[in-house]
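J.:
There are 2 protein chains.
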Amino acid sequence: MAEYELHCFGESGHSYKAALMLELSGCSWSPVFLDFFNGETRSVEFREINEMGEAPVLRHAARTGEVVLTQSGVILDYLSTITGKFAAGSAIERREVLRWILWDNHKMSSQVGVLRFMLNYLPEEKRSDDVIAYLRGRVSGAYQVLEQHLATEDWLVGDKPTIADFSCCSYLYYPEPFGFDREDWPNISAWLDRIAALDGWKAPYDLMPRKA
Amino acid sequence: MAEYELHCFGESGHSYKAALMLELSGCSWSPVFLDFFNGETRSVEFREINEMGEAPVLRHAARTGEVVLTQSGVILDYLSTITGKFAAGSAIERREVLRWILWDNHKMSSQVGVLRFMLNYLPEEKRSDDVIAYLRGRVSGAYQVLEQHLATEDWLVGDKPTIADFSCCSYLYYPEPFGFDREDWPNISAWLDRIAALDGWKAPYDLMPRKA
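Heads up: the sequence lines are chains A and B, in that order.
For the first sequence, full-length UniProt numbering assigns the number 1 to the initial residue and increments by one for each residue that follows.
For the second sequence, full-length UniProt numbering assigns the number 1 to the initial residue and increments by one for each residue that follows.
1) Going by CA-CA distance only, name the one from B:R47, B:E125, B:G84, B:G53 that's closest to B:G26.
2) Please report whether the beta-carbon of B:H106 lies at a distance below 8 Å from any beta-carbon of chain A.
3) Please list the terminal residues of the continuous alpha helix (DSSP H) segment that includes A:A62.
4) For the stretch 129-149 of chain B, enumerate the residues whose C-beta is nearer than 7 Å to any C-beta of chain A, in chain order.
5) Can A:L156 be considered in contact with the ligand GTP, in the sense that its beta carbon sits closer than 7 Å to one or more heavy atoms?
6) Indicate whether A:L20 and A:S189 have their beta-carbon atoms separated by less than 8 Å.
7) What do you get for A:G10, buried or exposed, if any count of 16 or more other CB atoms within 10 angstroms of its CB means buried?
8) Tell me, which residues are paired with A:W201 by DSSP?
9) At 8 Å on the CB atoms, spell out the chain B contacts of A:V68, in chain order.
10) Assuming A:L150 and A:C168 are in contact, meaning their beta carbons sit under 8 Å apart, how far apart are those beta carbons, in whole angstroms?
11) Using the beta-carbon count (16 or more within 10 Å), is A:I101 buried or exposed?
12) Starting from the beta carbon of B:V74, find every residue of chain A whose beta carbon is closer than 9 Å, and list them in chain order.
13) Going along the chain, which residues of the stretch 45-56 of chain B sit with their C-beta nearer than 9 Å to a C-beta in chain A?
14) Could you pull out every residue in the same chain whose Cβ sits closer than 7 Å to the Cβ of A:T70, ignoring the five residues on either side in sequence?
15) Between which residues of its own chain and B:A203 is the CB-CB distance below 6 Å, once the five residues before and five after are set aside?
16) Taking A:P209 as the reference, give the member of A:H7, A:K17, A:M1, A:L198 with the closest Cα.
17) By the criterion of Cβ-Cβ separation under 8 Å, what are the contact partners of B:S90 in chain A?
18) By the three-class DSSP mapping on this structure, what secondary structure does B:W100 have?
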């Protein structure tokens, strides 16, 4: 049995952050499919595991007993502490890593994730042009912050990849259209290439099962 | 001169999280007004301090040199580490604190903040009913998670107040209407009363200057 079980679904960028970290850190892990599109994460049973009703959930068969974690940022922090990989190198860098992960949750993945859902999975009659325009504006603002930062830096924090990179990059590897064109953001695009060149990198649907 | 300077504005719930922590921890601090409504946080000068273009910014005259921090979650974590107050008691609780702060950034304050801005500060002709309805839905989902958690717990993590409480509560103390009625959420309301009963608690506009 794998040491780590990641309850996830392929379409979830938040799940991909954890899956990518597990894979790049060489952890023994296996994905367990969460049927988000048929309401599994909103079920009473799932709420007992995660009251926030969100994927992913990580189960770690630790020596001292099972550890169950939710929130991708918590999972990334936990895994970098346990494995020592993709961690911050100093207290200052640790704060910078947390800063980018919080920003990602506030301004980036939270907005990109919903926009991508609306454009690709929500029935057309339920879509609102105003809401999509609103989210496009939010997402564009986030891309600008990232593009600017990466104009002078190879990685978000320090001089090597950290969990901050894995948090912020995740949605940008998905093939479905969601208003992100690499040609518009050359610094982001080069950074995505650097991450994808890391030993063992895989795309979201090569790491996690997706809906049929 | 105060040991801490918080660059903030009264209407910013993200700033209030930091202001409340500074005040309740008995820190020597003073607020410095950021003129958000006239574009100060979007200026080139401010972007040099915080490339994310956001309030608050904390300046700490630490013994080893000035520390400049952004992102309310980073500031809360830093202050609880420095002061030892409102901190998590164990590694498990520390992860739980981070989990709620991430959730707050992803699902709660990020949505409430924008909704409140649209309903109170955006000119009527620029408002979209669809976007407001969308945000009301997001915010209501967040309130439900909080209400449910507080049905059996006095505090978000463990048996005493932590920075997780200060992160999640902040917008809910504002007097302007933004679709939050305490009568609808009795557990949240009782929790807000518990926080407001902490020694030294003050409301947002009693801690920070607001626009004229």
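Glycine included, each C-beta is placed from N, C-alpha and C at the ideal position.
Nothing here was measured: the structure is a model prediction, and the numbers come from that model.
T.: According to the structure data:
1) Along the second sequence, read from residue 1 onward, the residue named residue 26 of chain B stands at position 26. For the residues B:R47, B:E125, B:G84, B:G53, the minimum Cα distance to B:G26 belongs to B:G84.
2) Counted from its first residue, the second sequence places residue 106 of chain B at position 106. Under the Cβ distance rule, B:H106 counts among the residues neighbouring chain A, one pair being separated by less than 8 Å.
3) For the purposes of this step, residue 62 of chain A is taken as the residue at position 62 of the first sequence. In the DSSP assignment, A:A62 falls outside any alpha helix (DSSP H) and within the unbroken beta strand (DSSP E) covering 57-62.
4) For the stretch 129-149 of chain B, which is checked against every Cβ of chain A, the residues closer than 7 Å are D130, V131, Y134, V145, Q148, H149.
5) Questions concerning the ligand GTP fall outside what the structure shown contains, since it holds no ligand whatsoever.
6) Residue mapping note: residue 20 of chain A aligns to position 20 of the first sequence, counting from 1. Residue mapping note: residue 189 of chain A aligns to position 189 of the first sequence, counting from 1. The answer is no: Cβ separation not under 8 Å.
7) Within the first sequence, the letter at position 10 stands for residue 10 of chain A. Buried: at least 16 other Cβ atoms inside 10 Å.
8) Your numbering for residue 201 of chain A matches position 201 in the first sequence. Note: A:W201 sits in no beta bridge, so no partner.
9) As a first step, residue 68 of chain A is located in the first sequence; it is residue number 68 there, counting from the start. Around A:V68, no beta-carbon contact reaches into chain B at under 8 Å, the shortest distance being about 10 Å.
10) Taking the first residue of the first sequence as position 1, residue 150 of chain A is located at position 150. Taking the first residue of the first sequence as position 1, residue 168 of chain A is located at position 168. Their Cβ separation, rounded to whole angstroms, is 10 Å, which puts A:L150 and A:C168 out of contact at 8 Å.
11) Here residue 101 of chain A is taken as the residue at index 101 of the first sequence, counted from 1. Classification for A:I101: buried.
12) Here residue 74 of chain B corresponds to residue number 74 of the second sequence, with the count starting at 1. Correct list: R95, E96, L98, R99, L102.
13) Listed by position along the chain: R47, E51, M52, G53, E54.
14) Numbered from its first residue, the first sequence carries residue 70 of chain A at position 70. Excluding residues within five positions, the ones whose Cβ falls inside 7 Å are N50, M52, E54, V57.
15) Indexing the second sequence from 1 puts residue 203 of chain B at position 203. Its chain contains Y173 as the residues whose beta carbon lies nearer than 6 Å to that of B:A203, once the 5 sequence neighbours on both sides are disregarded; these appear in chain order.
16) Stepping through the first sequence from its first residue, residue 209 of chain A is reached at position 209. In this structure, A:H7 is the residue among A:H7, A:K17, A:M1, A:L198 with its C-alpha nearest to the C-alpha of A:P209.
17) Residue 90 of chain B sits at position 90 when you count from the first residue of the second sequence. B:S90 does not reach chain A, its nearest Cβ partner there being about 13 Å away, counting only Cβ pairs nearer than 8 Å.
18) What you label residue 100 of chain B is simply residue 100 of the second sequence in a count that begins at 1. Three-state result, B:W100: helix.
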